[in-house]
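Engineer: After the structure tokens below, expect a handful of questions from me.
Numbering (the working numbering), first residue to last: 42 to 367.
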């Protein structure tokens, strides 16, 4: 009763469960719309609200969604697939639910008719497979996994080791390749049938010189510090970045300039530090207006707002149907 009463003044309801768990309890979309015809309902589950009995009601977490979607098999090293972390499928699915629900709310305000959204975590990750999925479904091409963090397709792209740490780089562009080849001693390959003038990318597999490019680039990078490489690549307009450790983030000048790390007060008065709000809005910037509420902190206020008295709330608490802050 309290839940359905709350739905009457709710714009968006998001739930996460195994398959059609709410419908099994008798709380169908149609029941919710009887109480609020404009309600946006977002169902988030591992395998969706319908399908086969074998999968629909199974539990799912980050790694399950990655494994079932073909996303996990694309990640890791050539020797072994690895899940993408931290908890990539959870985060992508949450973002998908948020954007879908907001899009539906925009439509509801035009039509006055509510919407129900079925978000399957594995389908989110299937979509995140990008063109690798398209390459297979339309040409049978399987994407190889990385070798020690290097792009499986293109030489000069990925993770590389310098004399004092790691960088990532993307050797892309006609002049970038030409100038880089001069530095690593491969200028004589430019203009050959294998690497003709105007080459913008060096294919690691299809180009017979792909392995040689990697060998020479590895040797050149290993002989230089990260600072030296960044300075030289900046001159050549080659995209490059140091692989920052987490402690380095806070003092990085770009982080400082954009206030990418911020701090706020928790509800018990402690100072908490973490990533700032993103993206940044110019006219209506986001703000951290309070710390994370404790379990049950807002229950009484919410129930009072929909007409429940103190006695009503205490009755719900005594039955174990509601949690309020002590």
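From the three backbone atoms N, C-alpha and C, an ideal C-beta is built for every residue, glycine too. Source: prediction; values computed, not measured.
Suppose the cutoff is 6 Å on Cβ atoms and the five residues either side in sequence are ignored; what does the same chain contact list for residue 314 look like?
Structural biologist: Within the chain shown, the letter at position 273 stands for residue 314. Cβ within range, chain order: 304.
Engineer: Go ahead and label residue 90 buried or exposed: buried means 16 or more other beta carbons lie within 10 angstroms of its beta carbon, across all protein chains shown.
Structural biologist: Residue numbering aside, residue 90 sits at position 49 when the chain shown is read from its first letter. So residue 90 ends up on the buried side.
Engineer: Could you check whether residue 70 and residue 82 sit closer than 7 Å to each other, using their CB atoms as the reference points?
Structural biologist: The sequence position of residue 82 within the chain shown is 41, counting from 1. The sequence position of residue 70 within the chain shown is 29, counting from 1. A contact, by the Cβ cut-off of 7 Å.
Engineer: Are there 16 or more other CB atoms within 10 angstroms of the CB of residue 348, so buried, or fewer, so exposed?
Structural biologist: Looking up residue 348 in the chain shown gives position 307. Flag for residue 348 reads exposed.
Engineer: Can you tell which of 156, 169, 97, 120 has the C-alpha that lies nearest to the C-alpha of residue 130?
Structural biologist: As a position in the chain shown, residue 130 is number 89, starting the count at 1. The residue with the shortest Cα to Cα distance from residue 130 is 169.
Engineer: Out of 149, 178, 202, point me to the one whose CA is closest to residue 111's CA.
Structural biologist: Here residue 111 refers to the residue found at position 70 when the chain shown is read from its first residue. Checked all of 149, 178, 202; the closest Cα to residue 111 is 178.
Engineer: Kindly say whether residue 297, judged by its beta-carbon, lies nearer than 7 Å to any beta-carbon of chain B.
Structural biologist: Absent here is chain B; the protein component of the structure consists of one chain.
Engineer: What residue range is occupied by the uninterrupted beta strand (DSSP E) comprising residue 202?
Structural biologist: Stepping through the chain shown from its first residue, residue 202 is reached at position 161. Segment 198 to 203, the beta strand (DSSP E) holding residue 202.
Engineer: Please confirm if the segment 315 to 327 is in contact with the segment 346 to 363, defined as three or more CB-CB distances below 8 Å between the two stretches.
Structural biologist: They do not touch, by the three-pair rule.
Engineer: Return the chain-ordered ranges of every alpha helix (DSSP H) run that is complete within the segment 64 to 115 and spans a minimum of 4 residues.
Structural biologist: Those alpha helix (DSSP H) runs which fall completely within the segment 64 to 115 and span 4+ residues are 70 to 76, 94 to 97, 103 to 110.
Engineer: Quick one: what's got a C-beta closer than 8 Å to residue 51's C-beta in the same chain, skipping five residues either side?
Structural biologist: Taking the first residue of the chain shown as position 1, residue 51 is located at position 10. Counting only Cβ-Cβ distances below 8 Å, and skipping sequence neighbours, we find 77, 80.
Engineer: Alpha carbon to alpha carbon, what distance is there between residue 292 and residue 234?
Structural biologist: As a position in the chain shown, residue 234 is number 193, starting the count at 1. As a position in the chain shown, residue 292 is number 251, starting the count at 1. Distance between the alpha carbons of residue 234 and residue 292 is about 47 Å.
Engineer: Rounded to a whole number of angstroms, what is the C-alpha to C-alpha distance between residue 259 and residue 364?
Structural biologist: Position 218 of the chain shown, counting from 1, holds the residue named residue 259. Position 323 of the chain shown, counting from 1, holds the residue named residue 364. Using only the alpha carbons, I get a separation of about 59 Å.
Engineer: Taking residue 270 and residue 262 to be in contact with their CB atoms under 8 Å, please state how far apart those CB atoms are, rounded to whole angstroms.
Structural biologist: Here residue 270 is taken as the residue at index 229 of the chain shown, counted from 1. Here residue 262 is taken as the residue at index 221 of the chain shown, counted from 1. Indeed they touch by this definition, with Cβ atoms about 6 Å apart.
Engineer: Between residue 245 and residue 280, how many whole angstroms is the CB-CB distance? I'm expecting something under 8 Å.
Structural biologist: Translated into positions along the chain shown, residue 245 becomes position 204. Translated into positions along the chain shown, residue 280 becomes position 239. Not quite, the Cβ-Cβ distance comes to about 17 Å (not below 8 Å), so this is no contact.
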